[in-house]
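In what follows, a structure is listed as structure tokens, so that the remarks can point back to it.
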Amino acid sequence: MSNPNPNLFRVGEDQIAHHNPTMLHIRCEDVYLWYQIKSNYMNLGYSPKDLAFDEEAQGKLVSGIKKLSKAVKSTLGPSGNTVLIESPHHTHGLTVTKDGVTVAKSIDLIDPIENLAVKIVKQAADRTATEAGDGTTTSIVLTEALILNGLD
């Protein structure tokens, strides 16, 4: 059976997403790798939409928010951890930071529904930064708590 989406292939639990004709982005257990492709062998014109409903949609949205919040809240407070961020194309090397905003901006999830939740929470954090000048990490952590408690 042929794959209906030439931009996405499944190999076991791994997802391989083709973003442009020269770079291949591979996700394996939340580790992101980029590989150079020698030739353009895929038709990139077709991109179907992923649909999710009810518990599946809710689960993916919550999962995306939890992933973002876990990464960002590790930087919170005076005893917060530093985070190592690798640029997607290895062009800028590595960034070491304790800044929750920088961590949040660097997060893009491969699952489109999880990534939608991440984008929504990042928008809320950006608005907090615009209005208050700070508090983006706290905004993300509070959003996670409100959503998780609201679902209980």
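Following our numbering from start to finish, the sequence shown increments by one per residue and tops out at 251. Positions of the beta carbon are idealized from the N, C-alpha and C atoms, including for glycine. Treat the numbers as computed from the prediction; the structure is a model and nothing was measured.
Among A170, L250, G249, Q157, the one whose alpha carbon lies nearest that of D207:
A170
Kindly indicate which three-state DSSP category T237 falls into: helix, strand or coil?
helix
In whole angstroms, what is the alpha-carbon distance linking N180 and S173?
6 angstroms
Let me know if T235 comes out buried or exposed under the rule of 16 or more other beta-carbons within 10 Å of its beta-carbon.
buried
Straight-line CA distance for S162 to I212?
9 angstroms
Could you give the DSSP three-state label for T196: helix, strand or coil?
strand
Between the Cα of S238 and those of F152, Q222, N248, K197, spot the shortest distance and give me the residue it belongs to.
Q222
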